[in-house]
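> Numbering (our numbering), first residue to last: 446 to 1521.
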Amino acid sequence: MSDEVEFLSYLLSRPWSPDGKSGLKPVGLFIGQEANALEVAVAQAAQAPARSVLVEIWKARKGRRAAPLLLVVLHTGSASITGATGEVPPVYTDMDVGQVERLCREALGQPDRHAALRLLSQALPSLETALPGLTNEGLLALHELEHGVPKRGDWVEAKRKAHAALNKRDRDLLSALGFQIEDLDNLTCLLRSKDRRAALAVMLRENESAEAGSARFNSLSPISYALKKADDENLPYVVLTQGNRLRLYSTAVDAGVGRRGRTETYVECQPSLLADGHLPYLYLIYSAEALAPEGSLHQILDESQRFAGDLAERLRERIYNHVVPELAQGIAVARGIDKSRPEDISLTYEMDLTVLFRLLFIAYAEDRDLLPYRFNDAYRTRSLKQKAQELADFVAKDTPIATGDSHWQETDLLWQAVAEGNPEWGVPAYDGGLFANEEEVSKTGAELAAITLPNERFETALRHLLVIETPEGVPGPVDFRSLGVREFGTIYEGLLESDLAVAETDLVIKEQKKKGKTELVYVPAREGETPVVLAGAVYLHNRSGARKSSGSYYTKPFAVEHLLNGALEPALTDHFARLNSMDDTDAAEAFFDFRVADIAMGSGHFLIGAIDRIEKRMADFLAERNLPGVRRELEKLRTVALGELGELDKSTTIEDGQLLRRMIARRCIYGVDLNGLAVQLARLAVWIHTFVPGLPLSFLDHNLVHGNALVGVGTLDEIREKFEALSLPMFPVDAQSLLGKAAGPLRRLANINDASLQDIAAAREALQEAREAIRSTEALCDLIAAQPISEDPKVVLFPFENWENLGDGADELEAVQIARQDLDSLHVLHFPVAFPEVFLRKRPGFDVILGNPPWEKPRVEEHAFWARHFPGLRSLTQRLYEAEKVRLWEERPDLVSLYEDELRENQQIRKVLVGGAFPGMGSGDPDLYKAFCWRFWHLTAADGGHIGVVLPRSALAAKGSEKFRQAIFDEAARVDVTMLVNNRQWVFPEVHPQYSIGLVCVKHGEPEKESIYLQGPYATEAKFFEGVVKELAAFYGADVLDWNDSASLPLLPNEESAGIFAQLRKSPRLDWKEQW
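Right under this line is the structure:
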């Protein structure tokens, strides 16, 4: 070993010879433990070698040997590192020599190369961050860690306290952090702080991985075992130690700003790699004091949540005001659109949002290490994160945008890599439709493949999407790890309520009051005013023509969690009780036979919440009862994924929870929305949330679909009732007769695990085959659905008595073709045809329906229609408006035609609602929520199905819904109603503050003795959280039906009233003499 440098000098080294042309002077070669051990090759250089030179030297030394190699080059007071695996290994430059030496020492001391690679894969990337030795996987906001925590008043004191834990390991490390340790079993410990139960701890052996199954943990991964044990012990945190390494998890499903799943959301610390100035993090995050109920960890979590919310709001405004308009303008020009024809604008918006979704997916995947930004240098140089860093530098230096279309071309290469795979970049083929360019799969993708956007448009959009100014005033890349599903949801929901328009004149933004609310609206610019939108430019506005980026009815997390608690959790308990009555083979077969739907899903945040809850409960169940059939499926997926990752699989572990989430999304989750963009958003949210490195994006075309949940046949009972109403001879109207032909391809679809692009293609074929198999049933449903709206006697008077004899020829009947024409614009959706497997189950129907259905009435107002396309009309006097409307009727026949189509469609929908399977809709206004209530009730399993939905108070009191209330109060096993008053608009910012809202949970089945439970109304979030943990006021269903003729629930004045009212109802009335 050379005497000129002291690096790992206390370890035995061997000589090695780098390429003589490289200019490197060898220091020594250090070998780790066991066969094919890690090698650390150390050399000196007068100055930092180029990245390409480092990669060449690394490749020359490693060759095709299985042993991983870490190349360390020391130069001028710093170090460069290359390795340890991969086709093009990552390169880290300008590293602190002391930290690199400590890392090498730790890696060489690992029991084998696998353990060494796991350590390096976590620690190496952290060395080039602002906080070397600290790895945050979505639990906390990185900005809060870097900038907020060091400003704490206890920062200096925390450093002093942290010194006691340095160089300690496992139990000694936890003791030094202030915990009293008590063994729970031979695998886990209880951590106490001043007699308070603080966390559960697991001490990993050096050759164990937190995510890999282990015989010591009953074939579970250590973290899955620990989380289940912590759940049983009702502990809020899990702490894993492995030598001097710490990892902290929350047991709460919804904790963490960028949460994907409990096993993937944590913050890890390698104290030996922490710089001296960063030691306070060790104490402020991991100590007994930190984990106290009001301790520093909780405070950092709260501040992280605030930062994430602020980041989401700022990003939402940038997307709405800059990204989408810039992309739209570029796409419109590239497509040669010079007139604002509705169909052109609609396709432009779809293309615009597809570009946005692709960018968001890749940006998030890179930040969460789902794409190999940190592990493959070839990918890194082409990544969006690298582009974001370059653009941030351009913004800081005010660098002008270059001509050409280089950014589009480079980004398109990224899209191709994700879609088709790129072995050199370490990217397997992932495409599940989002990145598809084939017209038969994605018309929008095919249109995008035919254009390019110039830098003046695309770079501008990228700057606003990928770069943001920090609170300190410095432009930097957006930290997408700090954005979770709820933050993305707030971004998405505003887009769903928006449209593009082409400005016919220069526009400015003015405040305008409407129904007591102030809106920002676009109006024509007057002379001397500076326009925000130039004539001919594309801009974004909501459906009323106003400028608003937020969603009006986005359901806040507290309400989503409440409904998941009230509907999903008890349904899961029932599901696992059924599994426990089966043997292992049948239980494995039925394990994923649990169906959850949101039939007005928006961006899918109810479904994402459901996926997390189901994963937790399924993982806990498997921890208690091993089902070999399920384990085989998980292992098969894991093997395929690791095989696709190639060299990366040596340092990658895929935890069961990741695979479970993916399988849950594919087999258990269903969604419908009338807005086609909402369907794309929901699929994007599910893809991001269930992404597994190495496996393609799941096939979701069958589960999450575009359609009108109120137009079409909802259940097979509707077909049966149609025949009974006509007094026709009955052929078998049951699931097997009507849907049985689809059972085979549906079983094949369910068994395809989407492990490859070939699997995705096979799934698409199986779905098409299933649809073809039940075309005659679809034809029958079309006829039944069209009869309330059709004026053609061939449809209205169709002779159903011969239906059974028609067979497959029914699909070609003239009456069927006419019915389909009648339904053409209504986006008809027949639930038995769309989801036949849900009706072919032993327990037909969905186990759970969740959501927040639309509350509006189906109507088209002429003024609102024209203002939507020409927002400037809103500022005109009535006289000028009428004159302008006359001009538009003459000059825009395309929009006149669209207006008449919308009127006609609206009238048809009203007929469907009044004439469909929605009792009581003929009285009062046909509000959409009234029909949705019946859909929820009919679609859930009659044997214990659950509903958890947000409803306006009128659903619980108004005319038109009384038959629904009578049905659930008389026939439901349990009805829970939690009322909220939108005081200061704390529930919905766009809803009147005096409006009352119900969080309603219903369970099908025989009514309990006291089956109606009421609480609220709560006027603030604080009162809600204080009240929902108290005992609910309970009533007998029969008594509630006797309160009044309409089964209306009373409007109580405050949150204490329900209990008082319950007591009053138990007391005899003074005028009921017979009770005395």
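Just so you know, even glycine gets a beta-carbon here, dropped at the ideal spot from N, CA and C.
1) For Arg1165 and Leu1171, what's the separation of their Cα atoms in angstroms?
2) Exposed or buried, which one is Ala552 when buried takes at least 16 other CB atoms within 10 Å?
3) How about Thr1160 and His1314: are their beta carbons less than 8 angstroms apart?
4) Just to check, is the beta-carbon of Pro513 closer than 7 angstroms to a non-hydrogen atom of the ligand FMN?
5) Quick check on the DSSP output: the beta strand (DSSP E) that includes Met1366 runs from which residue to which?
6) Provide the residue span of the alpha helix (DSSP H) that contains Asn1196, from first to last.
7) Using beta-carbon positions only, say whether Leu907 and His852 come within less than 8 angstroms of one another.
8) With distances taken between CB atoms, is the gap from Phe1291 to Gly1390 smaller than 8 angstroms?
9) By Cβ distance below 6 angstroms, which residues in the same chain neighbour Arg661 in space, the five residues on each side in sequence not counted?
10) Pull the bridge partners of Leu1396 from the DSSP assignment, please.
11) Specify, as a first and last residue, the run of the alpha helix (DSSP H) that Ala1522 falls within.
12) Would you please state the rounded distance, in angstroms, between the beta carbons of Asp814 and Asp924? I believe it to be under 8 angstroms.
13) Let me make sure I understand the geometry here. Which of Trp870, Ser664, Glu901, Leu719 has the alpha-carbon closest to that of Ile776?
14) In terms of alpha-carbon separation, which member of Glu1249, Phe1144, Asn1148, Pro1277 lies closest to Ile1197?
15) For the beta strand (DSSP E) that Phe1480 lies in, which residues bound it at each end?
16) Can you give the beta carbon distance from Val1240 to Ala1260, rounded, assuming they're within the 8 angstroms contact cut?
17) Taking the beta carbon of His1308 as the centre, do at least 16 other beta carbons fall within 10 Å, making it buried, or is it exposed?
18) Is there contact here, the region 1373 to 1380 with the region 1403 to 1420, by at least three beta-carbon pairs under 8 angstroms?
19) Checking the sheet assignment: what are the DSSP bridge partners for Arg690?
20) Kindly confirm or deny that the region 1417 to 1426 and the region 1455 to 1462 touch, where touching means at least three C-beta pairs closer than 8 angstroms.
21) Residues in its own chain within less than 8 angstroms of Val1357 by CB, not counting five upstream and five downstream?
22) Which residue marks the beginning of the alpha helix (DSSP H) containing Met1027, and which one marks its end?
23) Just mark Ile1576 as buried or exposed, buried being the case when its beta carbon has 16 or more other beta carbons within 10 Å.
24) What residues are listed by DSSP as bridge partners for Gln625?
25) Would you mind sorting His1050 into buried or exposed? The rule is 16 or more other CB atoms within 10 Å of its CB.
26) Would you decide whether Pro969 is buried or exposed? Buried here means 16 or more other CB atoms lie within 10 Å of its CB.
27) Ignore the nearest five residues each way along the sequence and tell me which others in Leu1191's own chain have a CB closer than 8 angstroms to its CB.
28) Span of the beta strand (DSSP E) holding Leu474?
29) Count the other CB atoms, across all protein chains shown, that sit within 10 Å of the CB of Val601; report buried if there are 16 or more and exposed otherwise.
30) Per DSSP, Glu795 is paired with what?
31) Bridge partners for Lys1448 per DSSP, in chain order?
32) Identify whether Asp1553 lies in helix, strand or coil by the three-state DSSP scheme.
33) Would you call Trp1334 buried or exposed, if buried means 16 or more other Cβ atoms sit within 10 Å of its Cβ?
34) In angstroms, rounded to a whole number, what distance separates the CA positions of Gly1472 and Leu1444?
35) Return yes when the Cβ of Ser525 is within less than 8 angstroms of the Cβ of Leu562, no when it is not.
36) What's the C-alpha gap between Ser666 and Asp721?
Per the coordinate set shown:
1) Approximately 10 angstroms between the Cα atoms of the pair.
2) Buried, by the Cβ-count rule.
3) No; because the gap between Cβ atoms is not below 8 angstroms, this pair is not in contact.
4) Within the structure as shown, the ligand FMN is missing, as the structure has no ligands at all.
5) Where Met1366 is concerned, there is no enclosing beta strand (DSSP E), given that its DSSP letter is neither H nor E.
6) In the DSSP annotation of this structure, the continuous segment of the alpha helix (DSSP H) that includes Asn1196 starts and ends at 1188 to 1196.
7) With respect to His852, Leu907 sits close: the two C-beta atoms are nearer than 8 angstroms.
8) Yes, the pair counts as a contact, with Cβ atoms nearer than the cut-off.
9) Cβ neighbours of Arg661 beyond the five flanking positions: none.
10) Note: Leu1396 sits in a beta bridge opposite Gly1443.
11) There is no way to answer for residue 1522, as the model of the chain reaches only from 446 to 1521.
12) In fact, because the Cβ distance is near 13 angstroms, the residues do not count as touching under 8 angstroms.
13) It is Glu901 whose Cα lies nearest to the Cα of Ile776.
14) Measuring C-alpha to C-alpha distances from Ile1197 to each of Glu1249, Phe1144, Asn1148, Pro1277 identifies Phe1144 as the nearest.
15) Taken as a continuous stretch (DSSP letters only), the beta strand (DSSP E) holding Phe1480 covers 1478 to 1480.
16) The Cβ separation is near 5 angstroms, so the contact holds.
17) With fewer than 16 Cβ atoms within 10 Å of its Cβ, His1308 is classed as exposed.
18) As far as the Cβ criterion goes, the region 1373 to 1380 touches the region 1403 to 1420, which means the pair count is three or higher.
19) In the DSSP secondary-structure assignment, Arg690 is bridged to Gln687.
20) These segments touch.
21) So the list reads Leu1155, Val1156, Ala1230, Pro1233, Ile1234, Leu1271, once near-sequence residues are dropped.
22) The continuous stretches of alpha helix (DSSP H) do not include Met1027, and DSSP gives it neither H nor E.
23) Coverage of the chain is limited to positions 446 through 1521, which leaves residue 1576 absent and any answer about it impossible.
24) DSSP lists Arg637 as partners of Gln625.
25) Counting other Cβ atoms within 10 Å of its Cβ, His1050 reaches 16 or more and is therefore classed as buried.
26) That one is buried.
27) Closer than 8 angstroms at the Cβ level, and outside the excluded window around Leu1191, lie Ala1211, Ala1215, Pro1281, Glu1282, Leu1285.
28) Segment 470 to 476, the beta strand (DSSP E) holding Leu474.
29) Under this definition Val601 is an exposed residue.
30) Paired residues: none, contrary to the question.
31) Looking at the DSSP assignment, Lys1448 forms a beta bridge with His1391, Arg1419.
32) Outside the displayed span of the chain (446 to 1521) sits residue 1553, for which this structure offers no information.
33) With a 10 Å radius around the Cβ and a threshold of 16 neighbouring Cβ atoms, Trp1334 comes out exposed.
34) A straight-line Cα-Cα distance of about 14 angstroms links Gly1472 and Leu1444.
35) Not closer than 8 angstroms, so no.
36) Ser666 and Asp721: Cα-Cα distance of roughly 33 angstroms.
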